[in-house]
Each structure stands twice: as structure tokens, then as C-alpha cells.
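Here the numbering used here is used: the first residue of the sequence shown is 3, the next is one more, and so on.
Before any comments, here is the structure.
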Amino acid sequence: MKEFVQPAQVLLDLDCMTKDEVLALLSDKALELGITNDRDAVKAAFDAREDEGSTGMMDGFAVPHAKTDAIKDAAVIVTRFTAPIADWESIDGSEITVGIALLVPDAEAGSTHITLLAKIARALMDDAFRDAIRAATEPGQVSGLINGRLSD
3 MKEFVQPAQV LLDLDCMTKD EVLALLSDKA LELGITNDRD AVKAAFDARE DEGSTGMMDG
63 FAVPHAKTDA IKDAAVIVTR FTAPIADWES IDGSEITVGI ALLVPDAEAG STHITLLAKI
123 ARALMDDAFR DAIRAATEPG QVSGLINGRL SD
């Protein structure tokens, strides 16, 4: 089974104030982790998706996603913030405190992307899953929770 989320892809207790800061940080991290060689293309892909409509979901979770040829392999990066992101709209009006970012190569947009999005969306409907992500103290706990859901 492919481990989509390594502990290095889980960033806890971040001090970000705006959605743009978060998307820039995700793009920087994608470059640092070797998910892309083109940080700006990834940032542009995140921005383009947000322009279509906010990726803020419910109960403080957002699922930003970037689809671009600049992404080498599908990956997930998880972010958790010390304070809510003030300008990230959500379906239920809750303030975003956790982001589960999907990064997918264009070629896999119709397959891998849809599968990942569906599994994450299903997991986010589970109160126990959301609570466990919020309560985790170590990146390995978060990566284990998410990989468990993605392998279902």
C-alpha cells in the first residue's frame, strides 16, 4: 500500500494568518519535499482552485488541492494551525484550523485526485477521525490516521 502521507508531510502548530499564507507554505513544502520542482506552478494551481470556490469544508477542516503537471507524484500535506485562519470560508461558517492538501499531477486528475478527495471527504464526516486529527501530538499519529483512511 502506498503511504500517501509521511510524517514529514504533517505540519503541526503552524502560525499562519491567511489562506494565502497557508497556500504559499504548502507550495514551499511541496518543493522542499521533492513533490515538485516548480513551487510557483503549485501555488498557481492552489490559487486557481480557490478561485473556483473555497475548499473550506466543515468543522474547521479545509481540503485545498492543486492539479498541475509540475507535481511529480500524488501526495498529501497536512497542516494544523495554532489559531483559526480568518479569511478561509467554509461550508458551515466554521473557522479553519486544519488543512488536508491534495497535490496531484494533471495526468491523474480524473483518477487519483477523485479517489483521494472522496476518501478524505468520507473521513471528514467521521467525528472520531476529526477529533483524533485535532488531538494528535505527533506527525506520525496524523499520517497514520490519514493513511488508514486512504487505504480503505
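Every residue gets a Cβ at the ideal spot worked out from N, C-alpha and C, and that includes glycine.
_Coarse secondary structure for S145, derived from DSSP in three states_ = It is helical.
*Any idea which residues DSSP pairs L28 with across the strands?*
Under the DSSP definition of a beta bridge, L28 lacks any partner.
_Cβ neighbour criterion (16 or more within 10 Å) applied to M127_ = Answer is exposed; the Cβ neighbour count stays below 16.
*Are the beta-carbon atoms belonging to E97 and G62 less than 8 Å from one another?*
The answer is yes: Cβ separation under 8 Å.
*Within 10 angstroms of its Cβ, does S145 collect 16 or more other Cβ (buried), or is it exposed?*
When all chains shown are included, S145 counts as buried.
_Bridge partners - F83, DSSP secondary structure assignment_ = According to DSSP, which records beta bridges pairwise, F83 is partnered with L16.
*Endpoints, the beta strand (DSSP E) within which L35 is located*: For L35, there is no enclosing beta strand (DSSP E), as DSSP gives it neither H nor E.
_Beta-bridge pairing of A63 - partner residues as DSSP gives them_ = The sequence as given places Phe at residue 63; Ala does not occur at that position. Looking at the DSSP assignment, F63 forms a beta bridge with V100.
*Selected residue, minimal CA-CA separation from I37, among Q143, R151, V106*: For I37, the nearest C-alpha among the options comes from V106.
_M160 burial status per 10 Å Cβ neighbour count (16 or more: buried)_ = No answer is possible for residue 160: it lies beyond the span of the chain, which begins at 3 and ends at 154.
*What are the start and end residues of the alpha helix (DSSP H) that includes T117?*
Taken as a continuous stretch (DSSP letters only), the alpha helix (DSSP H) holding T117 covers 114 to 126.
*Among residues of its own chain, excluding the 5 on either side of D89, which ones have a beta-carbon nearer than 7 Å to its beta-carbon?*
Closer than 7 Å at Cβ, skipping near neighbours: T20, K21.
*Evaluate A137 with the Cβ neighbour count: other Cβ atoms within 10 Å of its Cβ, from every protein chain shown; 16 or more gives buried, anything less gives exposed.*
By the beta-carbon neighbour count (other beta carbons within 10 angstroms, threshold 16), A137 is exposed.
_On the CB-based measure, 16 or more other CB atoms within 10 Å of its CB, does T70 come out buried or exposed?_
Burial state of T70 is buried, judged by a 10 Å Cβ sphere holding 16 or more other Cβ atoms.
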